[in-house]
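S.K.: Same order as they appear, the protein sequences are chains A and B.
Reminder that position 336 of the first sequence reads as 336 in UniProt numbering, one-by-one numbering, no gaps.
Reminder that position 204 of the second sequence reads as 204 in UniProt numbering, one-by-one numbering, no gaps.
Glycine included, each C-beta is placed from N, C-alpha and C at the ideal position.
Protein chains: 2
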Amino acid sequence: MVNETQHTCSASSSSKSDGGSSSGSESSKDSSRCSTPVLDADRHERLREKMRRRQDSGDKWFSLEFFPPRTANAAVNLISRFDRMGAGGPLFIDVTWHPAGDPGSDKETSSMIIANTAVNYCGLETILHMTCCNQTKDDITGHLQKAKRLGLKNIMALRGDPVGEEWEEEVDGFNYAIDLVKHIRNEFDDYFDICVAGYPTGHPEAESYEADLRHLKEKVFAGADFIITQLFFRSETFLKFMKDCQAIGISCPIIPGIFPIQGYHSLRQLVKLSKLEVPQEIKDVIEPIKDNDAAIRNYGVELAVSMCRELLDSGVVHGLHFYTLNREVATTEVLKRLGIWKEDPRRPLPWAVSAHPKRRVEDVRPIFWASRPKSYIYRTQEWDDFPNGRWGNSSSPAFGELKDYYLFYLKSKSPREELLKMWGEELTGEESVFEVFTCYITGEPNKNGYKVTCMPWNDDPLATETNLLKEQLEKVNRRGILTINSQPNINGKPSTDPIVGWGPSGGYVFQKAYLEFFTSSEIVTALLRVLKKYELRVNYHIVNVKGQNITNAPDLQPNAVTWGIFPGREIIQPTVVDPVSFLSWKDEAFALWIEQWAKLYEEESPSRMIIQYIHDNYYLVNLVDNDFPLENCLWQVVDDTFELLN
Amino acid sequence: MVNETQHTCSASSSSKSDGGSSSGSESSKDSSRCSTPVLDADRHERLREKMRRRQDSGDKWFSLEFFPPRTANAAVNLISRFDRMGAGGPLFIDVTWHPAGDPGSDKETSSMIIANTAVNYCGLETILHMTCCNQTKDDITGHLQKAKRLGLKNIMALRGDPVGEEWEEEVDGFNYAIDLVKHIRNEFDDYFDICVAGYPTGHPEAESYEADLRHLKEKVFAGADFIITQLFFRSETFLKFMKDCQAIGISCPIIPGIFPIQGYHSLRQLVKLSKLEVPQEIKDVIEPIKDNDAAIRNYGVELAVSMCRELLDSGVVHGLHFYTLNREVATTEVLKRLGIWKEDPRRPLPWAVSAHPKRRVEDVRPIFWASRPKSYIYRTQEWDDFPNGRWGNSSSPAFGELKDYYLFYLKSKSPREELLKMWGEELTGEESVFEVFTCYITGEPNKNGYKVTCMPWNDDPLATETNLLKEQLEKVNRRGILTINSQPNINGKPSTDPIVGWGPSGGYVFQKAYLEFFTSSEIVTALLRVLKKYELRVNYHIVNVKGQNITNAPDLQPNAVTWGIFPGREIIQPTVVDPVSFLSWKDEAFALWIEQWAKLYEEESPSRMIIQYIHDNYYLVNLVDNDFPLENCLWQVVDDTFELLN
């Protein structure tokens with residue numbers, strides 16, 4: 001990781017002066033085709049436009065730098081770190097280029113694939129680093145084309161480390177970052193936002209500080225949109241650098257690179273590689289505590305906070321770039337203390353959006369994948385037309401089949417041993433499965449004392465919203481109504497509601513009550529008799545693994561179950577129950593019994609056969625209570641069913 | 001008119017056994033392109049499918065026959081009769097072919113144009129009659145192509161009256177209705193639904209009753225979808241005819257033609273032309289009262305009601321076809337007494353839909369044309385893509401300019417003299433204009449004792465819904481806020497609500513409060529100051545005739561102001577306030593001051609100059625209160641404005 005830092009610490013410029021209009025018109029073109037308008041400007045603007053808007057509004061921001069992991073397991077962890085740190089609201093993240101790690105390949109640990117995952121699956125605006133020395137133009141063009149295809153829109157253009165001791169210019173090759181900037185602009189016009197690196201104390205190889213500033217100016221004038229700087233230890237260093245840049249005509253955003261000191265050794269190594277000088281006052285503090293990691297980290301946080309405060313207070317710094325070293329605690333702590341970590345980020349839509357440009361007008365999804373958004377994105381990655389909330393017709397785009405259950409970004413965060421502890425080393429019957437579902441709902445430990453914090457259909461603990469239904473969910477799971485998805489009805493709560501709110505403020509959000517579960521054919525038989533009484537009020541879809549399908553839904557119409565009304569906007573209906581996509585979801589939902597649960601056990605083992613039995617014989621049921629202003633009747637439906645069975 | 005009756009009384013058959021699926025899939029294809037799904041099956045089904053569905057559901061229906069008018073004024077009246085009688089819910093209307101009246105031309109009195117108006121502007125499913133004798137194939141093909149282009153989907157195929165005394169077969173020409181049926185099927189495949197005429201007592205020129213039945217069977221087997229019969233005087237006549245038809249294998253719907261006797265002379269002439277025998281018991285009643293029109297009409301209604309009851313009670317009759325002779329009272333009376341006139345027809349959408357096939361997925365319109373739906377349809381007739389609720393973008397379809405204020409279907413129903421009485425023979429100042437607006441709102445007579453029942457922007461008295469706002473509207477109009485459109489806020493009323501309900505039952509409808517008015521620049525100045533206080537809650541657009549435009553709307557986004565939530569459906573948002581289309585509406589709204597009002601007066605007259613002054617100097621304002629669950633704040637906005645002015 002430490003050998004990343006040099007290219008890592010970088011910076012870029014020259015915010016093209018196109019207003020919001022160009023992307024605006026492009027977006028409206030899209031939305032004329034589509035159901036409901038996307039209202040989050042963040043999804044439409046280019047990164048340089050977002051920066052400018054934040055600067056204009058005085059809204060301070062931060063960004064986070066990560067390097068690609070070394071192993072597949074580390075990739076799983078990094079992705080869940082993206083999700084957690086993404087929740088704090090970074091303006092963007094960036095992923096360093098790792099020349100030794102086959103950075104442009106399809107390996108799950110490559111820079112390209114990690115950046116792709118961040119954009120597509122975690123919904124993060126992402127900058128992909130790219131170094132150019134020792135590479136042919138064709139290689140570089142290939143990488144850039146691939147990045148574009150994957151939905152990446154921002155490149156940090158770097159020289160990279162020359163191979164060998166002494167570096168020599170190559171004729172016709174890429175010798176400097178500026179060559180890469182020019183190449184991107186030549187080959188891809190204005191498609192990418194380009195960032196370049198700035199060195200507050202001058203690049204170590206530059207003839208002089210002034211000469212380095214001139215190089216930086218050339219990079220900006222060659223087409224870079226903004227600058228991120230190498231780390232530094234004093235705010236004065238950055239502020240002087242910024243002034244000097246502006247003095248020679250660099251007018252693009254310059255973002256300070258912040259490195260919270262997290263340990264003695266990482267600091268030493270970093271400093272050695274980047275040829276920086278640690279100020280004496282810092283050395284004086286650190287040396288005595290060099291074996292006390294916690295103390296050094298606390299000091300690092302203090303130091304970063306006070307330096308960041310000085311920068312922000314200067315009035316010329318609008319955003320801060322953090323070198324996270326793939327760690328969470330120190331950076332999060334600094335951001336929280338600075339007050340720029342978003343504790344309650346406003347959700348533009350009730351589900352986590354993807355940042356792929358082709359999905360930026362996506363504003364409706366079936367409810368089924370609510371807990372598996374990455375799987376939904378994976379299965380719809382080939383769609384070239386979003387939003388696509390209307391699957392209920394002949395022009396339905398096909399869902400990709402989900403066979404790759406072990407793709408790192410779809411995989412459970414928990415290893416097999418942990419899953420066995422949660423879901424049972426040995427199952428004794430269907431009831432022991434009911435018990436697992438019940439423990440997941442209640443949050444109580446199972447009979448072996450382990451908490452069930454995830455399920456095959458949900459890799460995270462129960463959502464806050466679902467907590468509202470906890471009591472009823474517990475009761476029904478205990479009796480074999482194995483719930484995997486639900487939402488309460490909502491009759492016009494403010495869009496700023498901390499639990500169910502989404503979208504811009506001043507609006508109202510609504511929901512129809514929804515309940516989805518697996519259950520036995522005996523219960524289904526009784527349920528169908530009960531549902532007759534609710535014919536006009538409750539829509540249902542009931543299907544088994546073979547695809548036998550019972551429904552009272554009119555034709556193949558989707559049923560909107562979440563919608564919002566906002567000032568000056570059209571209606572947004574981001575979540576639907578769609579009969580056609582339900583059949584695709586059904587395949588995935590049943591397969592998860594086998595792929596994630598049954599396969600934990602030996603073939604032919606009783607535990608495995610119990611799960612196999614459920615998979616083969618149970619039905620997947622979804623219920624919608626259409627009468628959202630009244631009290632949710634779905635619990636009554638379930639109660640009536642149990643009563644009928646008694 | 002009487003010479004129409006022979007072709008008029010006609011009938012057709014062979015309901016193709018294609019289920020709802022074909023039209024269903026076609027419709028969903030359309031809706032995948034579009035905003036919100038249209039939910040009224042009536043708009044998607046072919047006429048023969050509608051008949052079948054009504055028959056299957058046991059839902060009795062009626063249809064109405066009209067003939068083309070002789071004069072432009074009569075056309076204006078006929079169109080408003082279509083609107084009034086359309087409200088009773090006929091399954092279709094038909095327009096007879098008037099060979100002497102240039103029936104296929106673009107004249108406003110032609111059969112073609114009247115049928116076009118019924119379909120496009122009155123939203124009525126319409127059958128166009130067409131006769132074939134003495135016409136070339138090319139003529140007929142030309143008429144049919146034009147009919148198709150105009151959105152007509154149903155043809156009543158008739159022979160027509162031969163010219164001259166003795167009729168001879170033409171080689172290669174059209175000699176019988178069956179030739180026309182075959183021609184339509186050959187040239188237009190299954191595009192048209194075809195109706196043919198049946199003669200319950202046999203065609204007067206047929207060799208025999210039996211021979212006539214065989215001819216009818218041939219017409220049906222040649223491709224007719226259903227039969228409408230010539231009039232008759234006894235239910236037994238029809239029921240026997242129907243049985244005889246079925247006995248020889250005619251299985252398509254056979255619809256009895258009902259002729260309520262409306263006067264002595266019209267009966268005599270009709271009977272003479274159609275060579276029918278009036279039964280003695282009817283003659284016996286009529287002869288003694290032949291000079292008493294009212295008595296004859298009462299008797300005609302009684303007779304029709306009792307015959308219709310017998311037909312409906314027979315169990316084999318599902319629909320009744322009425323020869324209205326373009327009159328309203330007798331037919332409406334019969335229908336009301338039979339209980340099949342819809343007193344409160346369910347509205348599929350809050351505005352009157354058009355029946356043109358290309359508009360069948362139209363489900364969103366700007367609110368501005370709420371009182372001028374025909375003008376809206378006219379100005380968007382060239383659009384080839386519906387719905388088109390998103391005008392707020394670069395791909396906006398252009399609105400056609402409205403220059404033809406005197407097109408008969410756009411014209412005021414009231415003649416100039418009446419308008420002068422309502423709006424003032426002589427205006428004395430802006431206040432006398434305020435007075436006209438106020439009288440229109442209150443329904444009170446003006447100072448000359450005339451009620452103001454229409455305005456240039458609204459050819460009908462105040463809508464029931466607007467009545468809810470009457471008191472406030474009166475107050476503000478009196479003070480120079482000249483309202484032309486408004487709606488109250490609605491926070492989830494049942495979709496079956498008699499005043500504001502629309503769409504299928506079991507749903508909920510919502511509205512944001514809306515107010516649109518002309519007012520002086522002094523009031524606008526004060527209003528703008530007041531609106532600052534309501535910045536986040538109220539959206540406004542304020543524009544003058546020159547197009548100076550003041551708004552706080554985000555970008556060019558439309559604001560949904562009417563929407564509905566229904567069981568098992570997506571959200572419908574049929575009405576929007578759209579900034580782009582508002583500028584097209586503005587041109588029309590200002591022009592109406594001149595075209596409909598100023599031009600009533602002499603050029604240079606003081607009255608005309610007052611209207612011209614208002615046209616040149618006033619602003620058109622629209623306000624939306626986004627906070628629909630709270631009490632409408634727009635009245636407070638106006639009150640605050642007046643207070644500021646005082």
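1. May I ask you to report which of helix, strand or coil DSSP gives Trp-635(A)?
2. Starting from Ala-560(B), find everything on chain A with Cβ-Cβ shorter than 8 angstroms and list it in chain order.
3. Report back the beta-carbon spacing between Ala-222(B) and Lys-182(B) to the nearest angstrom; my notes put them in contact at under 8 angstroms.
4. Just to confirm the assignment, what range does the beta strand (DSSP E) spanning Glu-65(A) have?
5. Quick one, which of Cys-308(B), Leu-180(B), Ala-211(B) has its alpha-carbon nearest Glu-236(B)'s?
6. CB-CB under 8 angstroms to Lys-413(B), same chain, minus the five flanking residues each way: which ones, in chain order?
7. Report yes or no: do three or more beta-carbon pairs, one from the region 312-319 of chain B and one from the region 275-295 of chain B, lie closer than 8 angstroms?
8. Measure the C-alpha to C-alpha separation of Asp-344(A) and Asp-555(B) and round it to an integer number of angstroms.
9. If you run the structure through DSSP and keep just helix, strand and coil, what is Asp-625(A)?
10. Residues in the same chain with beta-carbon distance under 6 angstroms from Tyr-409(B), minus the five sequence neighbours each way, listed in chain order, please.
11. Going by beta-carbon coordinates alone, are residue 648(B) and Leu-482(B) separated by less than 7 angstroms?
12. Between the Cα of Tyr-405(A) and the Cα atoms of Arg-372(A), Gly-424(A), Ala-398(A), Leu-427(A), which residue gives the shortest distance?
13. Quick check: the region 186-203 of chain A against the region 211-227 of chain A, are there 3 or more CB pairs under 8 angstroms?
14. What do you get for Thr-136(A), buried or exposed, if any count of 16 or more other CB atoms within 10 angstroms of its CB means buried?
15. For chain B, find out if any of its Cβ atoms is closer than 7 angstroms to the Cβ of Val-637(A); answer yes or no.
16. Run through chain A and tell me which residues come within less than 7 angstroms of Pro-554(B), C-beta to C-beta.
17. Using the Cα positions of Ala-127(B) and Ile-93(B), report the straight-line distance between them to the nearest angstrom.
18. Below 9 angstroms between beta carbons is the criterion; list the residues of the region 617-641 of chain B that meet it against any residue of chain A, in chain order.
19. By alpha-carbon positions, which one of Gly-564(B), Gly-507(B), Phe-582(B) ends up nearest to Pro-366(B)?
20. Buried or exposed: where does Leu-623(B) fall if 16 or more other Cβ atoms within 10 Å of its Cβ makes it buried?
21. Which complete alpha helix (DSSP H) runs does the region 128-203 of chain A hold, if anything under 4 residues is left out?
22. If we require 3 or more residues per run, which beta strand (DSSP E) segments fall completely within the region 462-490 of chain B?
23. Between which residues of its own chain and Gly-86(B) is the CB-CB distance below 6 angstroms, once the five residues before and five after are set aside?
24. Between which two residues does the alpha helix (DSSP H) harbouring His-98(A) extend?
25. Quick one: is Asn-326(A) near chain B, going by C-beta distance under 7 angstroms?
26. Within 7 angstroms (strictly less), CB to CB, does Gln-557(A) reach chain B?
27. Which term fits Ser-251(B), buried or exposed, when burial requires 16 or more other beta carbons within 10 angstroms of its beta carbon?
28. What are the boundary residues of the beta strand (DSSP E) that Ile-258(A) is part of?
29. Taking buried to mean at least 16 other C-beta atoms within 10 Å of its own C-beta, is Thr-575(A) buried or exposed?
30. Closer than 7 angstroms by C-beta to Thr-438(B): which residues in its own chain qualify, once you throw out the five before and the five after it? Chain order, please.
31. Is there at least one Cβ from chain B nearer than 7 angstroms to Asn-539(A)'s Cβ?
32. Determine the chain A residues that contact Tyr-534(B) at a beta-carbon separation under 8 angstroms, and present them in chain order.
33. Are the CB atoms of Ile-542(B) and Val-452(B) nearer to each other than 7 angstroms?
34. Could you pull the start and end residues of the alpha helix (DSSP H) that Phe-437(B) belongs to?
35. Assuming Gly-568(B) and Asn-626(A) are in contact, meaning their beta carbons sit under 8 angstroms apart, how far apart are those beta carbons, in whole angstroms?
36. So, does the CB of residue 648(A) fall closer than 7 angstroms to a CB anywhere in chain B?
M.R.: According to the data block:
1. For the purposes of this step, residue 635(A) is identified with residue 635 of the first sequence, where counting begins at 1. Three-state result, Trp-635(A): helix.
2. Stepping through the second sequence from its first residue, residue 560(B) is reached at position 560. Contact of Ala-560(B) with chain A by beta-carbon distance below 8 angstroms involves Ile-565, Arg-569, Glu-570, Ile-571.
3. Position 222 of the second sequence, counted from the first residue, corresponds to residue 222(B). Position 182 of the second sequence, counted from the first residue, corresponds to residue 182(B). About 5 angstroms separates the CB atoms of Ala-222(B) and Lys-182(B); that is less than 8 angstroms, so the two are in contact.
4. Position 65 of the first sequence, counting from 1, holds the residue named residue 65(A). Looking at the DSSP string, the run of the beta strand (DSSP E) that includes Glu-65(A) is 61-66.
5. Residue 236(B) sits at position 236 when you count from the first residue of the second sequence. Proximity to Glu-236(B) across Cys-308(B), Leu-180(B), Ala-211(B) peaks at Cys-308(B), based on C-alpha coordinates.
6. For the purposes of this step, residue 413(B) is identified with residue 413 of the second sequence, where counting begins at 1. Sequence-distant Cβ neighbours of Lys-413(B) in its own chain, meaning closer than 8 angstroms and more than five residues away, are Val-76, Asn-77, Ser-80, Cys-454, Asp-459.
7. A contact between stretches requires three or more CB pairs, one per stretch, nearer than 8 angstroms, and the region 312-319 of chain B fails this requirement with the region 275-295 of chain B.
8. Taking the first residue of the first sequence as position 1, residue 344(A) is located at position 344. Taking the first residue of the second sequence as position 1, residue 555(B) is located at position 555. Cα-Cα distance, rounded: 27 angstroms.
9. Position 625 of the first sequence, counting from 1, holds the residue named residue 625(A). Of the three classes helix, strand and coil, the one that applies to Asp-625(A) here is strand, per DSSP.
10. Here the question's residue 409(B) lines up with position 409 in the second sequence. Closer than 6 angstroms at Cβ, skipping near neighbours: Ile-79, Thr-117, Tyr-121, Lys-374.
11. With chain B represented from 1 up to 646, any question about residue 648(B) goes unanswered, as that position is not in the structure.
12. Taking the first sequence and counting its residues from 1, the one referred to as residue 405(A) is at position 405. It is Arg-372(A) whose Cα lies nearest to the Cα of Tyr-405(A).
13. Look at the beta carbons and you see the region 186-203 of chain A touching the region 211-227 of chain A: at least three pairs across the two are nearer than 8 angstroms.
14. Indexing the first sequence from 1 puts residue 136(A) at position 136. In summary, Thr-136(A) is exposed, with fewer than 16 beta-carbon neighbours lying within 10 Å of its beta-carbon over all protein chains present.
15. Along the first sequence, read from residue 1 onward, the residue named residue 637(A) stands at position 637. Val-637(A) does not count as touching chain B.
16. Stepping through the second sequence from its first residue, residue 554(B) is reached at position 554. In chain order: Gly-568.
17. On the second sequence, residue 127(B) is found 127 positions in, with the first residue counted as 1. On the second sequence, residue 93(B) is found 93 positions in, with the first residue counted as 1. First, the residue type needs correcting, since residue 127(B) is Ile and not Ala in the sequence shown. The alpha-carbon atoms of Ile-127(B) and Ile-93(B) are separated by roughly 6 angstroms.
18. Within the region 617-641 of chain B, the residues whose Cβ lies closer than 9 angstroms to some Cβ of chain A are Val-624, Asn-626, Asp-627, Phe-628, Pro-629, listed in chain order.
19. As a working note, residue 366(B) is residue 366 in the second sequence. The candidate whose alpha carbon is nearest that of Pro-366(B) is Phe-582(B).
20. The count along the second sequence starts at 1 and reaches residue 623(B) at position 623. Buried, since its Cβ has 16 or more Cβ neighbours within 10 Å.
21. Entirely contained in the region 128-203 of chain A, the alpha helix (DSSP H) runs reaching 4 residues are, in chain order, 137-149, 177-188.
22. Fully enclosed beta strand (DSSP E) runs of 3 or longer: 482-487.
23. By 1-based counting over the second sequence, the position of residue 86(B) is 86. The beta carbon of Gly-86(B) sits closer than 6 angstroms to the beta carbons of Cys-122, Leu-124 from its chain, once the five residues preceding and following it are set aside; these are given in chain order.
24. The residue labelled residue 98(A) in the question sits at position 98 within the first sequence. For His-98(A), no alpha helix (DSSP H) run applies, since DSSP gives it neither H nor E.
25. The residue labelled residue 326(A) in the question sits at position 326 within the first sequence. Asn-326(A) does not count as touching chain B.
26. The residue you call residue 557(A) lines up with position 557 of the first sequence. Taking 7 angstroms as the threshold, the shortest C-beta distance from Gln-557(A) to chain B falls below it.
27. If you number the second sequence from 1, residue 251(B) lands on position 251. Under this definition Ser-251(B) is an exposed residue.
28. Stepping through the first sequence from its first residue, residue 258(A) is reached at position 258. Counting along the chain, the beta strand (DSSP E) containing Ile-258(A) begins and ends at 254-258.
29. Taking the first residue of the first sequence as 1, we reach residue 575(A) at position 575. Under this definition Thr-575(A) is a buried residue.
30. As a working note, residue 438(B) is residue 438 in the second sequence. The residues are Glu-474, Asn-477, Arg-478.
31. Taking the first residue of the first sequence as 1, we reach residue 539(A) at position 539. At least one chain B Cβ lies under 7 angstroms of Asn-539(A).
32. The residue you call residue 534(B) lines up with position 534 of the second sequence. Contact of Tyr-534(B) with chain A by beta-carbon distance below 8 angstroms is absent, the smallest such distance being about 11 angstroms.
33. Taking the first residue of the second sequence as 1, we reach residue 542(B) at position 542. Taking the first residue of the second sequence as 1, we reach residue 452(B) at position 452. Result no, Cβ atoms of Ile-542(B) and Val-452(B) do not sit closer than 7 angstroms.
34. Looking up residue 437(B) in the second sequence gives position 437. Element bounds for Phe-437(B): 430-442.
35. Within the second sequence, the letter at position 568 stands for residue 568(B). Within the first sequence, the letter at position 626 stands for residue 626(A). Indeed, because the Cβ distance is near 7 angstroms, the residues count as touching under 8 angstroms.
36. Limits of chain A in this structure are 1 at one end and 646 at the other, which puts residue 648(A) out of reach.
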